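Chains as they are written, first to last, in our numbering: chain V, 1 to 364; chain Y, 365 to 728; chain X, 729 to 1092. Notes follow once the structure below has been shown.
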Amino acid sequence: MYVLFKQIRDNPLLWLLAFVPVVFAAAKLWPEAHSLLFILSVVAIVPLAALLSHATESVAAKTGDAAGGLLNATLGNLTELVIALTALRAGEYMLVKASIAGAIVTNTLFVLGASLLLGGLKHHVQEYNRVGARFQAFLVFLASIALLFPSVVTRVDSPEFVAFNRTLSVGLAVLLIAAYGLGMLFSLKTHRELFASAGHAEEGEAVWPIRLALFTLAGVTVLVALVSEIFVESVQQAAEAFGMTPAFVGFIVVSLVGGAAEMGSAFSAARKDRLDLSVGIALGSASQIALFVAPVLVLFSYVIGPTPMDLQFWPGAVVMVLIAAITATLVTNSGRSAWFVGVLLIWIYAIFAMTLFLLPPGSA
Amino acid sequence: MYVLFKQIRDNPLLWLLAFVPVVFAAAKLWPEAHSLLFILSVVAIVPLAALLSHATESVAAKTGDAAGGLLNATLGNLTELVIALTALRAGEYMLVKASIAGAIVTNTLFVLGASLLLGGLKHHVQEYNRVGARFQAFLVFLASIALLFPSVVTRVDSPEFVAFNRTLSVGLAVLLIAAYGLGMLFSLKTHRELFASAGHAEEGEAVWPIRLALFTLAGVTVLVALVSEIFVESVQQAAEAFGMTPAFVGFIVVSLVGGAAEMGSAFSAARKDRLDLSVGIALGSASQIALFVAPVLVLFSYVIGPTPMDLQFWPGAVVMVLIAAITATLVTNSGRSAWFVGVLLIWIYAIFAMTLFLLPPGSA
Amino acid sequence: MYVLFKQIRDNPLLWLLAFVPVVFAAAKLWPEAHSLLFILSVVAIVPLAALLSHATESVAAKTGDAAGGLLNATLGNLTELVIALTALRAGEYMLVKASIAGAIVTNTLFVLGASLLLGGLKHHVQEYNRVGARFQAFLVFLASIALLFPSVVTRVDSPEFVAFNRTLSVGLAVLLIAAYGLGMLFSLKTHRELFASAGHAEEGEAVWPIRLALFTLAGVTVLVALVSEIFVESVQQAAEAFGMTPAFVGFIVVSLVGGAAEMGSAFSAARKDRLDLSVGIALGSASQIALFVAPVLVLFSYVIGPTPMDLQFWPGAVVMVLIAAITATLVTNSGRSAWFVGVLLIWIYAIFAMTLFLLPPGSA
């Protein structure tokens, strides 16, 4: 336990943990103060996500390479998964889908872009392993094609089309999970030497004892789930109060909140000229959400949701995911980067964010 | 003739030739047994296509490099051309178009993908001539853009738009054939050294005497045409009986049948680590169908079809061709391959196939 | 002044300056002869654009590297800007937008393609600085994404959507100008060594004295503006008389006229195997129009236009810009070129031109 307290003492981000009890108290006392609850839950999720991420890495570090990689790959986006599952159980499918698409786009464009910009401001030209980057970018590209057809083909709301879409979405979910599994087999096992320096383990940071890590993993997951519930309940009305469209909240705000911890790691790695780590975090998260989290949510919706969820997105969201995927594929082609590459990615993200922010209500 | 019999004896695929007389007999005896006729004609076309392909290569081998390349390039997809001409004469434009788009996509994604996968399972990392691969991929990209506008611009069914579409389609057909001709000039003549190892000729396989080859070419073409007639007549109703959408049959089944022989060559070359040959067959077929077969069919429709055929495709088909072309361009960028690249291509093909298979009737 | 006369005497293109007084006289004498005025104004703009371009380069050459680059980058498309401003003041937003999209596409596909073709016909394989080419191609790609959303999201003509579109367009305009500024900082200042041989200055051609250059710059700009007025007034009715669609005129004719001078430089550089210069002119113009001219017009429309102009384009135009950008990004990937690459680009341009030429009236 001392290790945990030391970690918290040394990391100002974790001081925000103080807001976890505050948000629970506030939810009891003022259940209708949506804007307040929204802000408090956002502030409380950020440090929890950081703890979760560190606990996952510690467990992964203990369990040997292949199993550790697997664990990291499966639990790396636990925060996003828990938030989405909470929204799923509440039947908030719009929010679930916006947060999936948003997380893919945010990681591909904003996290990668800001890493390249921050790294590039310090280092003139940076190099990274283009095989690893392109591998992840292609996975996101594959997923964006899978999202395309349920969203584009269906135009009529006839019962026939609803059935078509549900069957197709389940089929695609199975395909994507299989692709994800094969991708792990490829990158962690058969061709791991090609991905040499793209390791995920944070050197220099203390690795927790396994018991503490497992205990933290379990406890913090429960806390994230509880805070997420407050977040999901308040987000819609808070958004209105702040004059933000639901699309903007789901796509941008939720993604930035859910990924805050990882962003910290990606940015600091880029400053240390360890761009492989940054690229791995950014594109790895994007591909994991696209090929693992999203399909798992579709399959889980048959068990825990009020009705099955399909993969039919708002067409604009699919276009954004597709553009993000193609951009990542084109940009990572050279394996070299300078600060302006980061600007390009962030600018595309800004175009998306601006569009979503201004969108008249009822059109997303 | 002995050579021909020896070839048939040694190649189990050619034993299926026994089904050629069977399909003719069945068509006489049970003209209404559509499902049976469909299956029999599929089984009969496969060995005929193999013979045709071998005869073309033998003639090409005899006639010297430039003329041989030209011949190979022109007759390499004779099976697809004959099937499509038969469907064209019957006025089955839906089927013609689905089979064109399907053949492009099947070659670009499935034949290339399965070659890379099968080759990659045997060889750790494979290299190929990226100039040749990208050349073919760009030709397919060009053709997919040509298909885009007649399919996207026209939304209204006014007579004005029909006329616009026909004129545009003829113009585009001429452009595509010219691009194909210039591409041959480039790759076979002015810059042939860049395409060094991408030769089409199958070493090790016996080359037939020229008279036998020409005789086979003529005779088998007639047989393919006759079997195609039965195939085209039965395919629609057979599809319904098997619960398959017409889009799926035209796009997937017809392409796989028409390209079966070439697939065999592409796969076996990949296993022998001769990836240039596999890539040449897969992307070469795709570009040939897109830039030669499709425009020739448009021009021929003015002579043999009941009404002129345009290049207006179902929008979903154009999207699939465009995605296939962009994917091929992105994937062939490095000139290196491992098994997972094959998985990626096959998975995108599976997304297409699944969408088409599940599509409710009347929406394609 | 003698330098100026010598230049005119030696350059047959500049003899067309004789048409400048002719067009003014004709506009006075036969104000209703639209077809005649259209042709005369086209012929008069070409040599003026050539003078303008040379004057800009001379001023840039005098003012030192960074400021010269800045000047070149800002005034390099002065002709297009003046034509567009004239159309803007006349409220001809359709024409302004068509000419913006057309200039981007014409530079990216036709000017680049014809340069690669002409250069490739003389030199077997040509090399160029791929960093510079990809930098410009990515800028065009960024701009095409910015154009996408105002054009795609808005479907309804409700007042809410008009307001959304105007605010979004202003926001995007600011983003694009900022990206353009940062891009100049990157390519002219922080990372200029990466763009080594892509200099814009025409060696061998006489540089004018600074006073002559400034005088020419001012005087010719006024002349271009006056001729543009006649051009904009006559273009619509002349197009009808020639049986051309307004979309074709705005997209193709205006772009070719406005860019005629630059094309000459780009083509002659390619023949001299100075492909970096050709690529710089073609893609540099495209990115400048997309990231500087277009957003400046949006912002200026609040000052000089009858109503504010937004960035909502005809969807077909956005698709063309997007295809042009992706094609440029894919093609410049290798940094090598042969004549067939030029054919590919020109062919895509021909597909666009043919579609626009045949388009039934009222559909663009």
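The beta-carbon is built from N, C-alpha and C at its ideal position, and this holds for glycine as well. If you're wondering where the values come from, they're calculated on a predicted model, not measured in any experiment.
Beyond the five residues adjoining it in sequence on each side, ALA87 of chain V comes within less than 6 angstroms, by CB distance, of LEU95, VAL96, VAL232 in the same chain, given in chain order. Judged by DSSP in its simplified three-state form, GLN964 of chain X adopts helix. Among the residues facing chain X, THR472 of chain Y is not included, as its CB has no counterpart in that chain under 9 angstroms away. For LEU536 of chain Y, the neighbours in chain X by C-beta distance under 8 angstroms run, in chain order, ILE1079, MET1082. A distance below 8 angstroms between beta-carbons, with the five flanking residues on each side excluded, links LEU176 of chain V to the following residues of its chain, in chain order: LEU142, ALA143, ALA146, ALA290, LEU291, PHE292, ALA294, PRO295. Ranked by Cα distance from THR1060 of chain X, the options X:PHE866, X:LEU984, X:GLU921 are led by X:PHE866.
Distance from PHE528 of chain Y to LEU1086 of chain X at the Cβ level is roughly 5 angstroms; contact confirmed, criterion being Cβ atoms closer than 8 angstroms.
The C-beta of LEU404 of chain Y has 16 or more other C-beta atoms within 10 Å across all chains shown, which makes the residue buried. The beta carbon of GLU524 of chain Y falls within 9 angstroms of a beta carbon belonging to chain X, placing the residue at that interface.
The C-beta distance from LEU581 of chain Y to LEU416 of chain Y rounds to 7 angstroms, short enough to meet the 8 angstroms contact threshold. Residues of chain Y with a Cβ closer than 8 angstroms to the Cβ of GLY1012 of chain X do not exist, since the nearest Cβ in that chain sits about 23 angstroms away.
Judged by beta-carbon spacing, LEU299 of chain V lies within the 9 angstroms limit of VAL170 of chain V, meaning their Cβ atoms are closer than that value.
Going by beta carbons, THR79 of chain V and GLY280 of chain V fall outside the 9 angstroms limit. In this structure, DSSP gives ARG1064 of chain X an extended state, which the three-state scheme calls strand. Per DSSP, reduced to three states, the secondary structure at GLN1016 of chain X is helical.
Each residue's CA atom was taken as its position, placing ALA603 of chain Y and ALA103 of chain V some 41 angstroms apart. DSSP, reduced to helix, strand and coil, places GLU760 of chain X outside both helices and strands of the structure shown, so it counts as coil.
Against chain Y, the beta carbon of ASN333 of chain V has neighbours under 7 angstroms at ASN697, listed in chain order. In this chain, the alpha helix (DSSP H) harbouring MET94 of chain V covers 93–105. The C-alpha of THR784 of chain X lies about 7 angstroms from the C-alpha of LEU803 of chain X. Rounded to whole angstroms, the gap between the alpha carbons of PHE838 of chain X and LEU776 of chain X is 21 angstroms.
Residues of the stretch 528–560 of chain Y that bring their beta carbon within less than 7 angstroms of a beta carbon in chain X comprise PHE528, THR531, LEU532, GLY535, LEU536, LEU539, ALA543, LEU546, GLY547, PHE550, HIS555, in sequence order.
By DSSP's assignment, GLN490 of chain Y forms a beta bridge with Y:SER701. A Cβ-Cβ separation of about 6 angstroms places LEU117 of chain V in contact with VAL343 of chain V under the 8 angstroms criterion. Contact between GLN735 of chain X and LEU742 of chain X holds: their C-beta atoms lie close to 7 angstroms from each other, under 8 angstroms. Neighbours of VAL153 of chain V in chain Y, taken as residues whose beta carbon is under 8 angstroms from its own, are GLY680, THR719, LEU723, SER727 in chain order. In this structure, PHE251 of chain V sits near ALA101 of chain V, with a CB-CB distance shorter than 9 angstroms. Listed along chain X are LEU870, LEU903, ALA907, each with a C-beta nearer than 7 angstroms to that of TRP347 of chain V. When V:ILE83, V:ARG336, V:MET184 are compared, the shortest CA-CA separation from LEU256 of chain V is found for V:ILE83. Straight across, the Cα-Cα distance linking ALA625 of chain Y with PHE606 of chain Y is about 24 angstroms. Residue-level contact check: ARG336 of chain V does not touch chain Y, since none of the beta carbons of chain Y fall below 9 angstroms from its beta carbon. For the options X:ALA1045, X:VAL963, X:TYR1077, the alpha carbon positioned closest to that of ALA1056 of chain X is the one of X:TYR1077. Residue state for GLN1040 of chain X is assigned as coil, using DSSP reduced to three classes.
Judged by DSSP in its simplified three-state form, THR580 of chain Y adopts helix.
LEU900 of chain X and LEU910 of chain X have their alpha carbons spaced roughly 15 angstroms apart. Closest option to GLU229 of chain V, judged by alpha-carbon separation, among V:VAL20, V:PRO315, V:ASP10, V:ASN11: V:VAL20.
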